[in-house]
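Participant: Questions regarding the structure given below will be posed in turn.
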Amino acid sequence: EYDSNDYSEDFPAVMAGVDMSPHTPWNFGVLYRLGMADFRLSYERGDTLVAGLTLNTNFNDMPSFWRDTPTPEMKDNQPEELSDVDWERVTEDLDKIAGYQNTRIYVDDNTVTVVGEQKKYRDRTEAHEKAAAVLHNEMPDDIDTYAINERSRGLVGEQTIIS
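Quick note: our numbering has the sequence shown finishing at residue 171, numbered continuously throughout.
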């Protein structure tokens, strides 16, 4: 490019007496784009060599990595009776695996009801599948229905029945 400015009226030249006159009015430059980087090399004002590297990306195109606890495999070694259930472990698994926190668990005949806050999954179907797998593995065979009640800000809202 041709630069017609001689820089004689710029602040450093006027106020400090710095000689800013270019040695040549021609500037030369090369820009090379390779994937996610721009490489620049230019020769400016006849005495300045400039090199540069610019990295760029689109964060909307980047995949997110979620290390999720896998859904437990269905087991056949459930406890024989409700008194044999390790309720503390059930509560921990519902938190770690299914994302239900501050849970309360109630049993009525052949139904287990879980009341808790979902803090991990926006996709409720995935949360329900994981909770059902946890409950199936930890409950006796005579329990055949799971009711999951989601609590939000202290209020119980949506209920899902899994048979």
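Built from N, CA and C at the ideal position, the CB exists for glycine as well. Keep in mind the model is a prediction, meaning the values are calculated, not measured.
Are Arg159 and Glu134 closer than 8 Å when you measure CB to CB?
Facilitator: No, they are not a contact pair.
Participant: Got a sec, what are the start and stop residues for the alpha helix (DSSP H) Asp103 sits in?
Facilitator: From DSSP, the alpha helix (DSSP H) with Asp103 extends over 95 to 104.
Participant: Please classify Glu146: is it buried, with 16 or more other beta-carbons within 10 angstroms of its beta-carbon, or exposed?
Facilitator: Label assigned to Glu146: buried.
Participant: In this structure, how does DSSP classify Asn157 when only helix, strand and coil are distinguished?
Facilitator: It is a strand residue.
Participant: Excluding the five sequence neighbours on either side, which residues of its own chain have a C-beta within less than 6 Å of the C-beta of Asp103, listed in chain order?
Facilitator: Excluding residues within five positions, the ones whose Cβ falls inside 6 Å are Gln109.
Participant: Inspect the beta-carbon positions of Pro20 and Val26 and report whether they are closer than 8 Å.
Facilitator: Against a cut-off of 8 Å, the Cβ pair of Val26 and Pro20 comes out as a contact.
Participant: Which complete beta strand (DSSP E) runs does the segment 21 to 102 hold, if anything under 3 residues is left out?
Facilitator: List check, beta strand (DSSP E) in window: 36 to 42, 45 to 52, 56 to 63.
Participant: Opposite Tyr114 in the DSSP bridges: which residues?
Facilitator: According to DSSP, Tyr114 bridges with Thr121.
Participant: According to DSSP, simplified to helix, strand and coil, what is Glu17?
Facilitator: Coil, per DSSP.
Participant: Rounding to the nearest angstrom, what Cα-Cα distance links Arg132 and Asp94 in this structure?
Facilitator: C-alpha separation (whole angstroms): 25 Å.
Participant: State the start and end residues of the unbroken alpha helix (DSSP H) segment that holds Glu137.
Facilitator: Glu137 -> alpha helix (DSSP H) spans 132 to 146.
Participant: Is the separation between the beta-carbon of Thr77 and that of Ala141 shorter than 8 Å?
Facilitator: No, Cβ-Cβ distance for Thr77 and Ala141 is not below 8 Å.
Participant: In chain order, what residues of the same chain have a beta carbon less than 7 Å from the beta carbon of Asp150, not counting five sequence neighbours either side?
Facilitator: Here the set comprises Asn118.
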